[in-house]
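Enquirer:
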Amino acid sequence: MRQLMRRAITTGATGLLLAPGATGFDGSDFERAVAPLLEMRCLSCHSAASRKGGLSLESRADALRGGKSGEPAIVAGDPDASALLAAIETAPAADGARKARMPKGGEPLADVEIAALRDWIAAGTPWPAERHLVDRSADHEFERRRDWWSLRPLAAVAPPALSSLPPLTDLQRRRGVEPPRNELDLFVRADLAAAGLAPAPRADLDTLLRRVTWDLVGLPPTPEDSAHFRYESDGGGVNPGEPTSERAWSRLIDRLLDAPEYGERFARHWLDLVHFGETHGFDKDKPRPDAWPYRDWVIEALNRDLPYAEFVAQQLAADVVAPDEPAAVRALGFLAAGPWDYVGHVELREGTVDKEITRLLDRDDVVANVMSTFTATTVHCARCHDHKFDAIGQRDYFGLQAVFAGVERAVREYDAEPAVAQRRAELLAELATLERPVAGSGAHDAAAHARSRAALGWHGEIAAAAETTQWVALDLGKAQPLDEVALVAAHESYGGWPGPGFGFPVRFVVEASERGDFADVRLLHDARAADVANPGDVPLLLDARGAPIRAVRVTATKLWKRTDDFAFALGELACFAGGVDVAIGAAVTASSSIEAAPRWAATNLTDGSTWWGAIAADESPSEPPTGSASSDWRRRVAAQARVAAELAALPPRQRVYAATSRFTPEGAFTPRAAPRPIHVLERGDVTRPLAAAAPAALRCVAPLAADLGLAADAPEAERRAALARWLVDPQNPLTWRVIVNRVWQWHFGRGLVDTPNDFGHMGGAPSHPELLDWLAAWFRDRGGSLKELHRLILTSAMWRQASMSSARDVAKGRDGALATVAALAKAQADDGENRLLARMGRARLDAEQVRDGLLAMAGRLERTGPDGVRGGPSARHFAFKDDHSPVYDYAAYAGDDAAARRRAIYRFTVRSVPDPWLESLDCPDASLLTPKRNVTVTALQALAMLNDRFVLRQCEALAERLEAARPDDLAAQVARLYELALARAPTAAESAAVSAHAQHHGLAAACRVVVNLDEFLFID
Amino acid sequence: MDSPQSRRDFLAALGNGFGSLALAGLSMPTSRAGRDEADKLIQEQNVRLPRARAKRVVQLFMSGAASSVDTFDWKPQLVARDGQKFDPGGKVELFQSDPGAVMASPWKFRPRGQCGKHVSDLVPCLAEHVDKIAFVHSMVAKSNVHGPATFQQATGFVRPGFPSMGAWVSYGLGRLTDELPVFVVLPDARGFAPNGPANWGAAFLPAAHQGTVIRPAAASPIHDLFPPKEAAALATPANERDTLALLDRLNREHAAARPGDSRLEARIASYELAAKLQLSAPQVLELAGESAATRALYGLDDPRTADFGRNCLVARRLLERGTRFIQLWSGADNGFPRRNWDSHEELAKDHADMAASMDRPAAALLTDLEQRGLLADTIVMWVTEFGRMPCSQGAKGRDHNPFGFTVWLAGGGIKGGTSYGATDEWGWHAVEKPTSNYDVHATVLHLLGIDHTQLTFRSDGIDRRLTDVHGEVLHDLVT
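Protein chains in written order, with my numbering: chain A, 26 to 1045; chain B, 325 to 803.
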């Protein structure tokens, strides 16, 4: 029965069109049961256009006429005289397979399908005369490909009964083979039994502690951890004969899962998967100083065990699915994780073919990241043509590109605190009402255009240095009591300038004079001591307290930075007396003035025309014209100043490099209001667009709707949110299978499916299909808790098996050790790849584990950054020089400072120039999706472990630590070295050999030997 | 936690190519069963062709885009129309600029060698070798941007994340010696080219196949070959000997209790290999034994040619000793002052500087390989990411031209004195037999005895190839 069930899961049955034995055909039966068969299986060769063998089956008349042979393909009412039926009927071939003449080169029709055609012919071939069939062979191919294990719904399977397993023998029990501990063991043991294989004994406690600690937190257990665990496992010494205590084991796992290092360890797996890097890659591999918040989000999400559905959805659309959690937008760093072609985006000119290619490939990277990571589909194989093997068409692929056609990768600002985010939103909304003509209106582009023609203000000459003094002043002609003076920044968005706050000085002073010559200077506002934030569009309102004033002067002492030089500009300088701007038309003098009317002119400073006025005039003529001495103007200015002050008082916003549709333009890289139109491209060529592609998911994942319920012009964020919902739908069979398979792989080194990013036809088949489905459903139905999943796996008997007999088993003469060796030898012979899990695999530490482990053993691991938090900006382990192509030089970094001693997850990951030492230990290229790391052994790796400055420094520090702990007791020092590195005591022979080495060459030299041991680098 | 028993793991663990063990009869300490596995894998993979014409490759990479119309692609039209409006018909789309006037090459072209090939005075030394060289004039690049186009020549793809050609060759053919790296990279002394080490990465191939950087002039030419100075106490000969001996003993005891895990054995062997490299690498880099004539040939005594010349000479010494693939860079990144071939501003000066450093040493390498009998089974490829426009940029420079440019091949199995394909009368678009890196890569693999369609590695659902889904062997170039 189990075998049968497996077959149903792995191969399935072809889609039936008709129940067998149906009779009594009419026209609707033809449409339902016959037309699809002919269209999908026959018409590709036998249409009116192709007419292979002269035969067309497009219409009833064609079919009755027949082909070259002259006989009709169909004789109504007489199946046995119909050549069609003779051609498709099957006969068993010599090898027992079903064979038929037609469809040529294809699978024969199913028996029920042949029976349906026979019944239809017998019923007189009902087929409306006007009905012409069309070739739908591609649909057939699609259906055939879709019939695939990973696309079927999760099967409802129950684990095998304990009673169905062979009971453990006494010998097995004595050897330490555990009984099944949970459902996972039942599945695995049943298959082992069926293969005639026996499970391996439980590994010893030292091995288990080392294995689980490296696995869950990525660090070695300390000698204190070992003592603690041994004590608890022995029941506090009360029960020394008891081999293990389930409670001690559970507590150990809980402690490790609760440790913050857990998230740091598993974030490494995740960041590999999504090719997270902190530079752009390509030529001009610029740093991304704001990429790290995504890394911190992943760590935090894992540590607080964010349900997997939310974990997925936030990475696609946190802005939509978690609106009350503003810091969740860090998750959108996922979409921006991969490489980005700086030159192609920023420097390449708009309107070129290369520009379109750049964007196509950029979206391709995003689509591949999303679909590989969450669904293990290789949709990126369908860019130039339909997928060669899987049920993924080019239209599916470009539908996915359309989902992401509205986002780019850039810095996104956010408030970490929900209350701050809410207040900011309120203030911005208020500001928007005050600036009604501008804020977010659909006519924004038109408005920008209007601005480009508007009188902007006064502009001093360009300066080479920031610390240049420039001034501008107005003269009212006679002194008069003023209530307030307002400085309104220029708003220049034409030609790529940022718009608000253009030219507003960084440091400045505002003075008034009653006489007009400033000999009697009165200080209105002094901002010379420190840099001030740019006010943007918000006027700076200064209280003049009714003082008699004739002239006002603004002197900048530090200018606004343009691209490579500096300037001072001001839009309007207003003087309010009784709510009226009395400065309009006042004379203006300045240290210099760029006279480029109409936009820039000294007289523009007092023309009463501000940027919003220009827009108001442009958009709604009924709006009171600007600069009129209206009290409305005054009221607005005051309100804006108040709102602006409160905004400025809010904590600064955080930045994350993420997917976004709004960002600061850089060169040719500019935001766009609406998603770009996406077309299917012939051969993937941007110069050959075919049909438009609406945002969509994959059609092959029934029963979910691929169209996502989106209109072709759906707003950007809705597209991402819809795909996120599609991904985490409980009925999406891929998402749940894929993640449990990954977690399995992270614990066992190999997934149940050993192609973790390819669940398609070219990927591997599941070794334990029922187990995979059971586990996926278990995980999904229990809320998607990754920590629960870890617990389930780690408390199984199977995960605690020995990897192979260890020297110590044999040396201790433990009962049955030889039998163990024999059983393992058989398992190796019968199941060389250990797919059936008759033992544990042996893992090599990954590059980051080695680095972190060496630091931890030396007692030098910095768990937090300079500000005492675990995350934060990444530690740079290289000398950096920003240049045309930035230089990252690891050799020139002599660092042994705190930054050098952070965990590797917090290091700054450069794409083009990998850390050579980590790379030698197979740390992957951050430009690649890496669902599974290579494990290689090379001479350069040996040299890196023997000679690298980092390793040697940790060896020296470790030696100092050992000497300090047990001065003058070399044997104790060596014993502790073994405990730290290998989580066990040395044998007498080992102790003697390593001590002798230490005596000759120093303890650091002995440490160097031990960290180069296979036993250090591999985990049994 | 892979099982050690799979064949792929076995080979990956040894860090070797498909055929390396069986082909080279190496001294890698491994089991008989292991060799049989390797043999079987070779047969299964069916990568090898019956007759290999070459064993080694030198890829001379002109970073920044070397101009074909100023070197090897003679266009009299540019002289005839010098200073006139560049109007070839059709839209002219440039990377940085609007097209300027037609600009004649500052260097005169003359017929050279037996074949009479026209080559410019910019590269007078290479010009003497035209009878050994097969020129491909009709190269087309997929990108007009340095980074992607450099990737295309280096890895076959315009995006990061794919193995370098040298890594593929290492993967396909394995090592000729266990004393030196299979794939060596000699960067320009002034720094890395665009994309940096990603140009010689192994990407998804096992890390053993990545290029090993050697900087002959640096204090530490190979990273981590020896302990740093501050750890000198750990590097005494006695300490090194005892360390390796103790390590070997303890590792063997550990492996003996864990039979059948090839990775453990491979790690033990890797320390033996490392020790061999420590002995052989300094020998390769020690140029004192080279004759005065040889030093002069490579231009070691002239400051203009000394850096590139030293790299070329080291390349020859590596090839002699069994390194299989060498990537040798002329030019660093595209920054200022110009330090590669990206001559947007002043071609006459910047190309002259680059050519002066490259021409004599590259020619010396051809001469020297030939006189030592190595050229017969060594392929020398001269490549660049794209060419430069026949019209001027800002009166004196040239902008990028991905539509038609020249690369050349010489050595093992290459038909000298050949010119393949052609650009239009301007040297702008490839019009006759347009070709690409895929065809050139396929041809080089062919000469190495590898069917480029069969040399694959599964990554992310696709059986990846150096030649993607393209590539035709250019039989016209092959003797």
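We treat Cβ as the ideally placed atom computed from N, Cα and C, and that holds for glycine. Here the structure is a predicted model, which means the values were calculated and not measured.
So which of B:T395, B:R712, B:F649 has the shortest CA-CA distance to M705 (chain B)?
Expert: That would be B:F649, whose Cα lies nearest to the Cα of M705 (chain B).
Enquirer: Suppose the cutoff is 6 Å on Cβ atoms and the five residues either side in sequence are ignored; what does the same chain contact list for A108 (chain A) look like?
Expert: E96, A98, listed in sequence order.
Enquirer: Tell whether a beta-carbon distance below 9 Å holds between W751 (chain A) and A594 (chain A).
Expert: Contact flag unset, no.
Enquirer: Note down, in chain order, every chain B residue with its Cβ under 8 Å from the Cβ of E944 (chain A).
Expert: A531, Q534, listed in chain order.
Enquirer: Hey, how far is the Cα of P117 (chain A) from the Cα of R143 (chain A)?
Expert: P117 (chain A) and R143 (chain A): Cα-Cα distance of roughly 19 Å.
Enquirer: Thinking C-beta only, is P939 (chain A) closer than 9 Å to A951 (chain A)?
Expert: The answer is yes: Cβ separation under 9 Å.
Enquirer: Assuming G878 (chain A) is part of the alpha helix (DSSP H), what are its boundary residues?
Expert: Where G878 (chain A) is concerned, the enclosing alpha helix (DSSP H) stretches over 872 to 882.
Enquirer: Just how far apart, CA to CA, sit R293 (chain A) and W769 (chain A)?
Expert: If you take the alpha carbons of R293 (chain A) and W769 (chain A), they lie about 16 Å apart.
Enquirer: Going along the chain, which residues of its own chain have a beta-carbon closer than 7 Å to the beta-carbon of F1041 (chain A), five neighbours each way excluded?
Expert: Here the set comprises A1006, L1007, V1035.
Enquirer: Check G841 (chain A) in the structure and name its three-state DSSP category.
Expert: Below a pLDDT of 50, predicted positions are generally treated as unreliable, and G841 (chain A), at 46, falls in that range; no measurement from the model is reported.
Enquirer: Within this structure, are the beta carbons of W799 (chain A) and A183 (chain A) separated by less than 9 Å?
Expert: Yes, they are a contact pair.
Enquirer: Classify G613 (chain B) as buried or exposed, calling it buried when 16 or more other Cβ atoms lie within 10 Å of its own Cβ.
Expert: The residue is exposed, with fewer than 16 neighbouring Cβ atoms inside 10 Å.
Enquirer: N782 (chain A) versus chain B: which residues are under 7 Å apart at the beta carbon?
Expert: D784, G785, listed in chain order.
Enquirer: Give me the Cβ distance between A520 (chain B) and D589 (chain A), rounded to the nearest whole Å; I'm assuming they're in contact under 8 Å.
Expert: Reading off the sequence, residue 520 (chain B) comes out as Gly, not Ala. G520 (chain B) to D589 (chain A), Cβ: 26 Å. No contact.
Enquirer: At least one CB of chain A closer than 9 Å to the CB of S654 (chain B): is that the case?
Expert: So no, S654 (chain B) is outside the interface.
Enquirer: Compare the C-beta of V509 (chain B) against all C-beta atoms of chain A and say whether one is closer than 9 Å.
Expert: No, its Cβ sits nowhere closer than 9 Å to a Cβ of chain A.
Enquirer: According to a CB-to-CB cut-off of less than 9 Å, which residues of the segment 299 to 323 of chain A neighbour chain B?
Expert: Answer set for the segment 299 to 323 of chain A: H300, G306, F307, D308, K309, D310.
Enquirer: Using a beta-carbon distance below 9 Å, is Q602 (chain B) in contact with chain A?
Expert: Yes, because at least one Cβ of chain A sits closer than 9 Å to the Cβ of Q602 (chain B).
Enquirer: Taking buried to mean at least 16 other C-beta atoms within 10 Å of its own C-beta, is V159 (chain A) buried or exposed?
Expert: V159 (chain A) should be labelled exposed.
Enquirer: State the start and end residues of the unbroken beta strand (DSSP E) segment that holds T708 (chain B).
Expert: 702 to 708 is the extent of the beta strand (DSSP E) around T708 (chain B).
Enquirer: Assign I146 (chain A) to one of three DSSP states: helix, strand, or coil.
Expert: Three-state result, I146 (chain A): helix.
Enquirer: Buried or exposed: which applies to A532 (chain B), given that a residue is buried once 16 or more other Cβ atoms fall within 10 Å of its Cβ?
Expert: A532 (chain B) should be labelled buried.
Enquirer: Between which two residues does the alpha helix (DSSP H) harbouring P521 (chain B) extend?
Expert: First-last for P521 (chain B): undefined, no H or E at that position.
Enquirer: Looking at the structure shown, is N972 (chain A) part of a helix, part of a strand, or coil, going by DSSP?
Expert: Note: N972 (chain A) maps to helix in three-state DSSP.
Enquirer: Counting only C-beta atoms, is G424 (chain B) closer than 9 Å to chain A at any point?
Expert: Not one chain A Cβ lies under 9 Å of G424 (chain B).
Enquirer: What does the alpha-carbon distance come out to for the pair D105 (chain A) and I113 (chain A)?
Expert: If you take the alpha carbons of D105 (chain A) and I113 (chain A), they lie about 12 Å apart.
Enquirer: Quick test of the definition: if touching needs 3 or more C-beta pairs under 8 Å, does the segment 376 to 384 of chain B touch the segment 686 to 701 of chain B?
Expert: Cβ pair count under 8 Å is three or more, so yes.
Enquirer: Compare the C-beta of Y595 (chain B) with all C-beta atoms of chain A and state if any pair is closer than 9 Å.
Expert: True, the Cβ-Cβ gap to chain A drops below 9 Å.
Enquirer: Rounded to the nearest angstrom, what separates L567 (chain A) and A608 (chain A) at their Cα positions?
Expert: For L567 (chain A) and A608 (chain A), the distance between alpha carbons rounds to 15 Å.
Enquirer: D947 (chain A) touches chain B at which residues, Cβ-Cβ below 7 Å?
Expert: Under the 7 Å cutoff, chain B gives A531.
Enquirer: Between which two residues does the beta strand (DSSP E) carrying L715 (chain A) extend?
Expert: Per DSSP, L715 (chain A) belongs to the beta strand (DSSP E) from 714 to 717.
Enquirer: Which bits of chain B does Q966 (chain A) rub up against, with CB to CB less than 9 Å?
Expert: Under the 9 Å cutoff, chain B gives G339, A531, A532, R591, S594, A598.
Enquirer: Does any CB atom of chain A fall closer than 9 Å to the CB of N761 (chain B)?
Expert: Taking Cβ atoms only, chain A never reaches closer than 9 Å to N761 (chain B), which makes this a no.
Enquirer: Does any residue of chain A have a CB that is nearer than 9 Å to the CB of V707 (chain B)?
Expert: No, V707 (chain B) lies away from the interface with chain A (no Cβ there is under 9 Å from its Cβ).
Enquirer: Does the separation of the CB atoms of I278 (chain A) and I930 (chain A) fall below 9 Å?
Expert: Taking 9 Å as the Cβ cut-off, I278 (chain A) and I930 (chain A) do not qualify as a contacting pair.
Enquirer: Run through chain B and tell me which residues come within less than 7 Å of E1040 (chain A), C-beta to C-beta.
Expert: Going along chain B in sequence order, the residues near E1040 (chain A) (Cβ under 7 Å) are H578.
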